[in-house]
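Participant:
2 protein chains.
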Amino acid sequence: MGFKSWLDIPKSSHFSLANLPFGIISAPNSPKPRAAVAIGDQCLDLKAFQGQNGFSACSQDVGDVFAQPTLNPFAALGRPAHRAVRKYIQDIFREDTPHASILKDNQEAQKACLLRQDQVKMHLPMQIGDYTDFYAGKNHAYNLGCILRDPKNALQPNYTHLPVGYHGRASSVVVSGTPVVRPNGQVLEDPKAEVKKPVFKPCQRLDVEVELGAFLCQGNQMGQPIPISEAEDSIFGIVLLNDWSARDIQAWEYVPLGPFNAKNFASTISPWIVLMDALEPFRTEGIKNDTELLPYLQEKNPKNMFDIRLQFALTPDGGKQNVVANTNGKHLLYSFPQMLAHHTIGGCPMNVGDLLGSGTISGTDAGTEGAMIEITKGGKETIKLEDGVERKFLQDGDTVVLRGVCGNEEDGLVGFGECRGTIMPAPKLSF
Amino acid sequence: MGFKSWLDIPKSSHFSLANLPFGIISAPNSPKPRAAVAIGDQCLDLKAFQGQNGFSACSQDVGDVFAQPTLNPFAALGRPAHRAVRKYIQDIFREDTPHASILKDNQEAQKACLLRQDQVKMHLPMQIGDYTDFYAGKNHAYNLGCILRDPKNALQPNYTHLPVGYHGRASSVVVSGTPVVRPNGQVLEDPKAEVKKPVFKPCQRLDVEVELGAFLCQGNQMGQPIPISEAEDSIFGIVLLNDWSARDIQAWEYVPLGPFNAKNFASTISPWIVLMDALEPFRTEGIKNDTELLPYLQEKNPKNMFDIRLQFALTPDGGKQNVVANTNGKHLLYSFPQMLAHHTIGGCPMNVGDLLGSGTISGTDAGTEGAMIEITKGGKETIKLEDGVERKFLQDGDTVVLRGVCGNEEDGLVGFGECRGTIMPAPKLSF
Chain A
1 MGFKSWLDIP KSSHFSLANL PFGIISAPNS PKPRAAVAIG DQCLDLKAFQ GQNGFSACSQ
61 DVGDVFAQPT LNPFAALGRP AHRAVRKYIQ DIFREDTPHA SILKDNQEAQ KACLLRQDQV
121 KMHLPMQIGD YTDFYAGKNH AYNLGCILRD PKNALQPNYT HLPVGYHGRA SSVVVSGTPV
181 VRPNGQVLED PKAEVKKPVF KPCQRLDVEV ELGAFLCQGN QMGQPIPISE AEDSIFGIVL
241 LNDWSARDIQ AWEYVPLGPF NAKNFASTIS PWIVLMDALE PFRTEGIKND TELLPYLQEK
301 NPKNMFDIRL QFALTPDGGK QNVVANTNGK HLLYSFPQML AHHTIGGCPM NVGDLLGSGT
361 ISGTDAGTEG AMIEITKGGK ETIKLEDGVE RKFLQDGDTV VLRGVCGNEE DGLVGFGECR
421 GTIMPAPKLS F
Chain B
1 MGFKSWLDIP KSSHFSLANL PFGIISAPNS PKPRAAVAIG DQCLDLKAFQ GQNGFSACSQ
61 DVGDVFAQPT LNPFAALGRP AHRAVRKYIQ DIFREDTPHA SILKDNQEAQ KACLLRQDQV
121 KMHLPMQIGD YTDFYAGKNH AYNLGCILRD PKNALQPNYT HLPVGYHGRA SSVVVSGTPV
181 VRPNGQVLED PKAEVKKPVF KPCQRLDVEV ELGAFLCQGN QMGQPIPISE AEDSIFGIVL
241 LNDWSARDIQ AWEYVPLGPF NAKNFASTIS PWIVLMDALE PFRTEGIKND TELLPYLQEK
301 NPKNMFDIRL QFALTPDGGK QNVVANTNGK HLLYSFPQML AHHTIGGCPM NVGDLLGSGT
361 ISGTDAGTEG AMIEITKGGK ETIKLEDGVE RKFLQDGDTV VLRGVCGNEE DGLVGFGECR
421 GTIMPAPKLS F
């Protein structure tokens, strides 16, 4: 049922012809970052493709957007333009392409435009103006509430009425592969002591948060909300997001204004942005909300989530890779359009390139939790890895990889590739 | 004792020769935003000044930084460059200037470079990457804690150990004069009801927060903290900041991740950035902290605050201006260098143009509170204005002006001008 391509695309590739995600690449002999599309093990250098008159048969005028160091100018062209360009590139790579002379039968153009993914460097795909992290993973919020409070008061009264979120640190968002330095900070070692006296030390409870991130392709004027019926048009595409968290720093600092240094040392995203059109076939329902939402949050289509199989894998330094959890992108109480409608209901201005995080995505069963603090019940239990290795939280040298994929090999996988980070030791500081 | 100038500078001007703050201007017949310095009622168009070879005798090479639409490139030159340029412009305007031919005796250059402030439009002076709002006004935090909790538990245990802060919304920072649209949002009308059911309505408890804002001129590499001994060098200058707050929206949304839509609809800053060197003579001690801070937060100089007289004035639509509160920039528990050292201690990357808010600044006496919620004890009391007008919170058409000034007329005032905003009605929405 999937498109056949003249290009050799491995069946197991996340980047089938049904996907075609966009990213920013550079290569050793052409170090200037520019736009590309992933396809199989390769990628199409869109700037080079344009230099070969590759877009000569495309209905969409792309100007010089693909020569830019971020995807913001392409995103700003809007959903119809993304659709036209993606469809055109699909046509270019189809076995029965109507434009064979452009690439299929043009060895010179192939040589100029097709690069092996393992030979390019990936960059942050967007210039992020503001980053907001939501908390829409209800199972995670509940699990965490049980650990911090008790099952009866696990969720706050507002939780089922609005997508709870907070402003994150845009400058700390990095692309997959960037090392993550363990933060130092203030930690309260004995929370039950009469006199609360924090100590200064490297974070001892460094954790993962398995999330999805949505990039915006359209903003709004300050003071003018984005209605939920139009919110979908403002979303460019989706990435995997690991919102690394320092749980011990968080526990001490977060009252009353929310997490701060516990979250702003790094958040890692996967490099290829999967466009909304590529995800469309995988629509599904999310977690049912028994609370009747206020009208500004009501969506017509109950299939407002995406069936994305998510995986969290951990590799100790020099050890074997362990799949620690398998979860799914549908385990959310609020969709990205709902988050966006809520974010702007008071008039907050959004811009092209802004990033929304979903919040940690956990299922309800053991082995589906998107954070170590949930798996280990707040650090009380242990995660058993291969070769007798154990973890409660991350150690220096640990590598975490998130993966996400939709669909099947028959129709062509629509995947996100990897969102990877390795923990480096905290800097030794002297005062 | 103050410098005498050949230019007529009114004694009451915030912009004496001892100040020379930087901003971004445009004019009707030269609409391209560029850098300027305020002096008396006028401003020196730095791009035009450079076009007249105005910097020919300046030791600092300024390249084309003043032709740019933000001050980021100038800020990035660093504190020694700011010092050299400010000192040079002071020399240019001194009665006994050694460079009389450049401007004092050059009518043509004066005509090309000097513009009346009431004839230019002010723009946001910096491109803000990230905005962080702290909560260092201890008296405000205490007053608010008494309203929300009780005097015994007014301050959280972490408060005296670290500068509590949260990430704000950079896109919502606007320059003085920008209208502020009242936000709609979810409000819990009866917080004591068994079943918590919010309603959707325009904010009824719209408030002011009198703050100072610090712009950064230097960042850090991710993972590498800025030591407190070097933090001062990262601060470009100070502005007034009104962090408008929707108290009813805040009360419902803020658990457990902090304020969100209550704060992200607008934050207004004054347009002229007062450089750190101009504030140096006004160093003073802040609120004493009886808690011994961890070494990374310890400053050598106990005079780590600035004696800035702050004023919050309110003018009802068509009514008279009322001074509602007088407070002082020294009423803070933590200095900007302490905030910056804490912000980066876990490795959070800062960039040129980032903005740090101090938190609301209140004194301890009646009439020194920097927010209406404090003056009205949570909306229980009333602020009596002229002509029999009363307020608990802001009404549509109200204009709020913050002012700030250091020093005296004899030596030349060092002031911030105005930070102004008028409340517009919430948009009427239909679903």
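In order, the protein sequences belong to chains A and B.
What the first sequence shows, in UniProt numbering, is residues 1 to 431, in sequence order.
What the second sequence shows, in UniProt numbering, is residues 1 to 431, in sequence order.
We treat Cβ as the ideally placed atom computed from N, Cα and C, and that holds for glycine.
#1: Would you report the Cα separation of residue 10(A) and residue 41(A), rounded to the nearest angstrom?
#2: Starting from residue 342(B) and walking both ways along the alpha helix (DSSP H), at which residues does that stretch end?
#3: With a threshold of 7 Å between beta-carbons, can residue 1(A) be considered close to chain B, or not?
#4: If you check the beta carbons only, do residue 395(B) and residue 163(B) fall under 7 Å apart?
#5: Taking the beta strand (DSSP E) that residue 326(B) belongs to, which residues open and close that run?
#6: Anything in the segment 339-367 of chain B with a Cβ closer than 8 Å to a Cβ of chain A? List those residues in chain order, please.
#7: Where residue 152(A) and residue 430(B) are concerned, what is the direct C-alpha to C-alpha distance, given to the nearest angstrom?
#8: Which stretch, first to last residue, makes up the beta strand (DSSP E) that contains residue 51(A)?
#9: Below 7 Å on C-beta distance, what does residue 130(B) contact in chain A?
#10: Can you check whether the C-beta of residue 258(A) is within less than 7 Å of a C-beta belonging to chain B?
#11: Ordered along the chain, which non-local residues of its own chain (more than five positions away) have a Cβ less than 6 Å from that of residue 239(A)?
#12: Would you identify the three-state DSSP class for residue 419(A), choosing helix, strand or coil?
#13: Report the CB separation of residue 70(A) from residue 21(A) in whole angstroms; it is logged as a contact under 8 Å.
#14: Can you list, in chain order, the residues of the segment 230-255 of chain A whose Cβ is nearer than 9 Å to any Cβ on chain B?
#15: Note the first and the last residue of the continuous alpha helix (DSSP H) segment covering residue 140(A).
#16: Quick check on the DSSP output: the alpha helix (DSSP H) that includes residue 93(A) runs from which residue to which?
#17: Just to confirm the assignment: which complete alpha helix (DSSP H) runs, minimum length 4, are found wholly within the segment 216-284 of chain B?
#18: Name the DSSP beta bridge partners of residue 202(B), please?
#19: So, is the C-beta of residue 142(B) closer than 7 Å to a C-beta in chain A?
#20: Within a Cβ cutoff of 8 Å, which residues of the same chain sit near residue 319(A), ignoring the five residues on either side of it in sequence?
#21: In chain order, which continuous runs of the alpha helix (DSSP H) of length 4 or greater are located wholly inside the segment 339-411 of chain A?
#22: Which residues in chain A have a C-beta closer than 7 Å to the C-beta of residue 301(B)? List them in chain order.
#23: Using a C-beta cutoff of 7 Å, does residue 312(A) count as contacting chain B?
#24: Under 7 Å, CB to CB, which of the residues in the segment 276-307 of chain A have a partner in chain B?
#25: Which word fits residue 323(A), buried or exposed, when buried means at least 16 other C-beta atoms lie within 10 angstroms of its C-beta?
#26: Please confirm whether residue 423(A) has its beta-carbon closer than 7 Å to some beta-carbon of chain B.
#27: How many Å lie between residue 421(B) and residue 237(B) at the Cα?
#28: List, in chain order, every chain A residue whose beta-carbon is nearer than 9 Å to that of residue 166(B).
#29: Can you give the Cα-Cα distance for residue 325(A) and residue 417(A), rounded to whole angstroms?
#30: From residue 148(B) to residue 117(A), what does the alpha carbon distance come to, in whole angstroms?
#31: Using a C-beta cutoff of 7 Å, does residue 336(A) count as contacting chain B?
#32: When you compare each of 177(A), 263(A) and 25(A) to residue 208(A) by their alpha carbons, which one comes out closest?
#33: Say whether chain B places a C-beta atom closer than 7 Å to the C-beta of residue 223(A).
#34: Do you know how far the Cα of residue 383(B) is from the Cα of residue 377(B)?
#35: Could you tell me the distance, in whole angstroms, from the CA atom of residue 130(A) to the CA atom of residue 349(B)?
#36: Whose C-alpha, out of 76(B), 93(B) and 307(B), is nearest the C-alpha of residue 38(B)?
Facilitator: Straight from the coordinates:
#1: Stepping through the first sequence from its first residue, residue 10(A) is reached at position 10. Stepping through the first sequence from its first residue, residue 41(A) is reached at position 41. In this structure, the alpha-carbon of residue 10(A) lies about 8 Å from that of residue 41(A).
#2: Mapped onto the second sequence, residue 342(B) falls at position 342. Per DSSP, residue 342(B) belongs to the alpha helix (DSSP H) from 336-344.
#3: Locating residue 1(A) in the first sequence gives position 1, counting from the first residue. Caution applies to residue 1(A), whose pLDDT of 49 falls short of 50 and renders its modelled position unreliable; the model cannot decide the point.
#4: Stepping through the second sequence from its first residue, residue 395(B) is reached at position 395. Stepping through the second sequence from its first residue, residue 163(B) is reached at position 163. Result no, Cβ atoms of residue 395(B) and residue 163(B) do not sit closer than 7 Å.
#5: Residue 326(B) sits at position 326 when you count from the first residue of the second sequence. Unbroken beta strand (DSSP E) run through residue 326(B): 322-328.
#6: Cβ contacts with chain A come from 342, 343, 345, 346, 347, 348, 349, 350, 351 and 354.
#7: As a working note, residue 152(A) is residue 152 in the first sequence. As a working note, residue 430(B) is residue 430 in the second sequence. So the alpha carbons of these two residues sit roughly 36 Å apart.
#8: Counting from one through the first sequence, the residue named residue 51(A) turns up at place 51. Careful: residue 51(A) lies outside any beta strand (DSSP E), inside the alpha helix (DSSP H) at 46-51.
#9: Counted from its first residue, the second sequence places residue 130(B) at position 130. The contacting residues are 169, 170 and 171.
#10: Taking the first sequence and counting its residues from 1, the one referred to as residue 258(A) is at position 258. At a cut-off of 7 Å between beta-carbon atoms, residue 258(A) makes contact with chain B.
#11: In the first sequence, counting from the first residue as 1, residue 239(A) sits at position 239. Answer for residue 239(A): 213, 269, 270 and 273, listed in chain order.
#12: Within the first sequence, the letter at position 419 stands for residue 419(A). Looking at residue 419(A) - three-state DSSP - the assignment turns out to be strand.
#13: By 1-based counting over the first sequence, the position of residue 70(A) is 70. By 1-based counting over the first sequence, the position of residue 21(A) is 21. By a beta-carbon distance limit of 8 Å, residue 70(A) does not contact residue 21(A). Their separation comes to about 15 Å.
#14: The residues in question are 246, 249, 252, 253, 254 and 255.
#15: If you number the first sequence from 1, residue 140(A) lands on position 140. Unbroken alpha helix (DSSP H) run through residue 140(A): 138-148.
#16: Residue numbering aside, residue 93(A) sits at position 93 when the first sequence is read from its first letter. Per DSSP, residue 93(A) belongs to the alpha helix (DSSP H) from 79-93.
#17: 228-231, 247-253 and 276-279, all fully within the segment 216-284 of chain B.
#18: The residue given as residue 202(B) occupies position 202 in the second sequence. Looking at the DSSP assignment, residue 202(B) forms a beta bridge with 184(B).
#19: Position 142 of the second sequence, counting from 1, holds the residue named residue 142(B). At a cut-off of 7 Å between C-beta atoms, residue 142(B) does not count as an interface residue with respect to chain A.
#20: Here residue 319(A) is taken as the residue at index 319 of the first sequence, counted from 1. Its chain contains 385, 386, 387 and 389 as the residues whose beta carbon lies nearer than 8 Å to that of residue 319(A), once the 5 sequence neighbours on both sides are disregarded; these appear in chain order.
#21: Listed in chain order, the complete alpha helix (DSSP H) runs (minimum 4 residues) inside the segment 339-411 of chain A are 372-375.
#22: The count along the second sequence starts at 1 and reaches residue 301(B) at position 301. Within chain A, not a single residue places a beta-carbon under 7 Å from that of residue 301(B); the smallest gap is close to 16 Å.
#23: Start at 1 with the first residue of the first sequence, and residue 312(A) comes out as number 312. Taking 7 Å as the CB threshold, residue 312(A) stays off the interface with chain B.
#24: For the segment 276-307 of chain A, which is checked against every Cβ of chain B, the residues closer than 7 Å are 294, 295 and 296.
#25: For this step, residue 323(A) is matched to residue 323 along the first sequence. Exposed, by the Cβ-count rule.
#26: Within the first sequence, residue 423(A) is the residue found at index 423, counting from 1. For residue 423(A), the answer is no, since every Cβ of chain B falls outside 7 Å of its Cβ.
#27: Residue numbering aside, residue 421(B) sits at position 421 when the second sequence is read from its first letter. Residue numbering aside, residue 237(B) sits at position 237 when the second sequence is read from its first letter. Computed Cα separation, rounded: 22 Å.
#28: If you number the second sequence from 1, residue 166(B) lands on position 166. Within 9 Å Cβ-Cβ: 166, 167, 257, 258, 259 and 260.
#29: Counting from one through the first sequence, the residue named residue 325(A) turns up at place 325. Counting from one through the first sequence, the residue named residue 417(A) turns up at place 417. Rounded to whole angstroms, the separation of the alpha carbons of residue 417(A) and residue 325(A) is 17 Å.
#30: Looking up residue 148(B) in the second sequence gives position 148. Looking up residue 117(A) in the first sequence gives position 117. For the pair residue 148(B) and residue 117(A), the Cα-to-Cα distance works out to about 55 Å.
#31: What you label residue 336(A) is simply residue 336 of the first sequence in a count that begins at 1. Not closer than 7 Å to any Cβ of chain B, the Cβ of residue 336(A) fails to qualify, so no.
#32: Along the first sequence, read from residue 1 onward, the residue named residue 208(A) stands at position 208. Nearest neighbour of residue 208(A) by Cα position, chosen from 177(A), 263(A) and 25(A), turns out to be 263(A).
#33: Taking the first sequence and counting its residues from 1, one reaches residue 223(A) at position 223. It does: the Cβ of residue 223(A) has a partner Cβ on chain B nearer than 7 Å.
#34: Along the second sequence, read from residue 1 onward, the residue named residue 377(B) stands at position 377. Along the second sequence, read from residue 1 onward, the residue named residue 383(B) stands at position 383. Roughly 10 Å separates the two Cα atoms.
#35: As a working mapping, residue 130(A) is identified with position 130 in the first sequence. As a working mapping, residue 349(B) is identified with position 349 in the second sequence. Between the alpha carbons of residue 130(A) and residue 349(B) lies a distance of about 14 Å.
#36: By 1-based counting over the second sequence, the position of residue 38(B) is 38. Taking residue 38(B) as reference, the option from 76(B), 93(B) and 307(B) with the minimal CA-CA separation is 93(B).
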